[in-house]
Each structure stands twice: as C-alpha cells, then as structure tokens.
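Reviewing the structure listed below.
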Amino acid sequence: EQAWRSIAASLILVFWASGSLQEGPRNLGAHFNNKVARLLTEELLNPKCFTQQLEDLACFWEVSDLLKEPKNQSMYSFCYKFEEDNFLQSCNLTVENTSRNTTLYTCFFQRQDISAFSPLEIKVFEGLSSNNTLYTRTIYVEGLVFLDPPSNLTVHFMESTGQLNVSWQSPPIAYMENSIRYEVSISPEGYRPQRVESTSGQTYYLLNLKGGTHYTLAVRAKPNGVSYDGYWSEWSQEVSVAIPNGLKTVLK
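Going by mature numbering (1 follows the signal peptide of the UniProt record, and there is no 0), the letters in the sequence shown line up with residues -22 to -1, 1 to 230, in that order.
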C-alpha cells in the first residue's frame, strides 16, 4: 500500500503538470458505445471495465457535472499493476462530456499491458494527493468479455417436421468459438416472449409451432463461464416469420 501511494503521488504530479487528457483509440467497433452505456446503467462497481477481443481493455467511470466546481475540475490519476509486477503503470485518461450532464473518464489499455488469467490491480486517485483513493478494484480480463451480438440470424421452416431451424453466426472473437453460450428470444404474436438458452452450438430448433402465428426471434451471446466470462451481448437483429395454417412460411 505504501508503494502504491509513493509512486502514485509522483504520477499525479506529472499528470497535473502535463495534462492527462488524450483522444481515445479509433476502431472501437460499432457496438462499443452501447456497451459503455449498458455498463453505466447495470454495473455497480467502479471503474467499470470490459474487453471486446481479449486484446483490448477499457475501464471507465462517470462523474456528474453537478458535483464538480466549474473552475476547479477534479484531476484524476489511473494506476494499475499485475500481481507479479513490482511497479505501477499509469494510463492517460480520455475525457468526454456527455449529453447527460456528466463527464466520462476512460482508460484505454495498451495492447502490451493486457494479460489474461492474472489479477490486475487498479487504483484511481482524486486530486493532488495519493491519499485520496477514489476507486480500487482487482479484475481478471478473461472474466469481463463483452461480445458483439450474433449476426446473420436465419430461420428455415422444415415442413416435414413442422419446426423452425434457427441459426446464426457467432461473434468474431479468436479462441472462443467453443466457449460461448447463447440465448434465443422467441416471441409468438399474442403470447409472452420466451427465452431459451442454447448451449449446443449455433442452431436451435423450435417445435410445436402454432399455425397462423407470427414469430419474432433474436439471439444474444455470452462467454460460458468456464474459461471466460462476462456480459450478455446486445440482442441480434430480429427476424420475423409467419406460420400460415397451411404450414407454409413467409419470411420478413
């Protein structure tokens, strides 16, 4: 703890002199901002962190503008180290003013500073003193995977068996093809939506169809919790299918 404080104190002075603001990385993906918004709403711990491809890591927190003095904006420092390291590293924070009257502070880790299956200790300090610890958290990168939603959701009606064959393409992430579980949302018109977990690959068979009914389907993905864990993805784009009484289908 004393090592944290002494090194953090020097880092804070450097940040105060040189500034800690920088532009965020590009090519974050089409779903990055939605993932940030989700965690700001659903995740209780700070800083909130996630990885999209296991080769990236973003940690962030939000501060209400109503809590800040207009002419005395707080300065923060973000420090981290892996358990086996003997020294701290620092992260230049990106700062974004949001439409919610808040300020979003984000650390985008460099690729060489990201390692799975090893505890990563994080401390965020406020002001010019390392005694003012705002947040402290220990994370495992492989437990914070936030996948993109599955794509290419397709539905095929199998007339011989009277069932729907629902299939999709897994999120694009290396080394995790066999470590993802899925949840299928089935919404028959006039009935409550059902959610069915599918752990047997990228196909689901929907039986006991009701003739003359519209079905709306979507799928989402999450690490299966064995080697990797994390958050449910957003739902995929929906697909609707109409089952006429004559057992013919019309896809929308």
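For each residue, glycine too, the CB sits at the ideal point set by N, CA and C.
Quick caveat, the model's predicted, so the values are computed rather than measured.
Alpha carbon to alpha carbon, what distance is there between residue j and residue i?
{"i": "VAL133", "j": "TRP210", "result": "22 Å"}
{"i": "LEU131", "j": "PRO25", "result": "34 Å"}
{"i": "SER163", "j": "GLN180", "result": "14 Å"}
{"i": "ASP43", "j": "GLU104", "result": "15 Å"}
{"i": "TYR182", "j": "VAL14", "result": "30 Å"}
{"i": "GLN88", "j": "GLU40", "result": "21 Å"}
{"i": "SER129", "j": "ARG198", "result": "9 Å"}
{"i": "TYR83", "j": "SER218", "result": "40 Å"}
{"i": "GLY7", "j": "ASN223", "result": "43 Å"}
{"i": "GLY168", "j": "GLN141", "result": "19 Å"}
{"i": "ALA152", "j": "PRO201", "result": "12 Å"}
{"i": "ASN5", "j": "THR191", "result": "42 Å"}
{"i": "PHE60", "j": "ARG78", "result": "34 Å"}
{"i": "THR76", "j": "ASN12", "result": "14 Å"}
{"i": "GLU161", "j": "ASN109", "result": "45 Å"}
{"i": "ASN50", "j": "ALA36", "result": "Because ASN50 sits at a pLDDT of 46, beneath the cut-off of 50, its placement in the model cannot be relied upon, and the following sentence gives the value as read from the coordinates. Going by the C-alpha atoms only, they are around 26 Å apart."}
{"i": "ILE(-11)", "j": "GLY203", "result": "Bear in mind that the predicted position of ILE(-11) carries a pLDDT of just 49, short of 50, making it too unreliable to give a figure here."}
{"i": "ILE221", "j": "ILE158", "result": "30 Å"}
{"i": "PHE28", "j": "TYR118", "result": "10 Å"}
{"i": "TYR113", "j": "ALA94", "result": "22 Å"}
{"i": "GLY189", "j": "TRP146", "result": "24 Å"}
{"i": "THR19", "j": "THR72", "result": "20 Å"}
{"i": "ASN70", "j": "HIS9", "result": "23 Å"}
Taking residue i and residue j to be in contact with their CB atoms under 8 Å, please state how far apart those CB atoms are, rounded to whole angstroms.
{"i": "LEU195", "j": "VAL144", "result": "6 Å"}
{"i": "ASP34", "j": "ILE92", "result": "7 Å"}
{"i": "PHE86", "j": "SER68", "result": "The pair is not a contact, with the Cβ atoms about 13 Å apart (cut-off 8 Å)."}
{"i": "TYR155", "j": "SER148", "result": "Inspection of the sequence shows that residue 155 is occupied by Glu rather than by Tyr. Correct: roughly 6 Å between the Cβ atoms."}
{"i": "ARG115", "j": "LEU17", "result": "Not confirmed; about 13 Å, so no contact."}
{"i": "SER176", "j": "GLU120", "result": "At roughly 23 Å, the Cβ-Cβ gap does not stay under 8 Å, so SER176 and GLU120 are not in contact."}
{"i": "LEU98", "j": "TYR58", "result": "6 Å"}
{"i": "GLU212", "j": "PRO150", "result": "Not really, about 15 Å apart at Cβ, beyond 8 Å."}
Which two residues bound the contiguous beta strand (DSSP E) that contains residue i?
{"i": "PHE60", "result": "54 to 60"}
{"i": "SER214", "result": "No beta strand (DSSP E) contains SER214, which DSSP labels as neither H nor E."}
{"i": "GLN67", "result": "67 to 69"}
{"i": "SER42", "result": "36 to 42"}
{"i": "GLU74", "result": "72 to 75"}
When we look at the beta-carbon of residue i and count the other beta-carbons within 10 Å, is it buried (16 or more) or exposed?
{"i": "THR81", "result": "buried"}
{"i": "GLN30", "result": "buried"}
{"i": "GLY208", "result": "buried"}
{"i": "GLU62", "result": "exposed"}
{"i": "LEU125", "result": "buried"}
{"i": "LEU122", "result": "buried"}
{"i": "SER214", "result": "buried"}
{"i": "VAL102", "result": "buried"}
{"i": "GLU135", "result": "Rather than Glu, the amino acid found at residue 135 in this sequence is Phe. So PHE135 counts as buried."}
{"i": "PHE65", "result": "exposed"}
{"i": "PHE38", "result": "buried"}
Which residues mark the beginning and the end of the alpha helix (DSSP H) in which residue i is found?
{"i": "ASN11", "result": "10 to 20"}
Report task. Only counting runs of 3 or more residues, tell me where the beta strand (DSSP E) segments fall wholly within the segment 86 to 140, in order along the chain. Result -> 98 to 104, 111 to 117 and 129 to 136
Query raised in the report: Which ranges does the beta strand (DSSP E) cover as unbroken runs of at least 3 residues, wholly within the segment 150 to 200, from first to last along the chain?
Result: 158 to 166, 172 to 176 and 181 to 184
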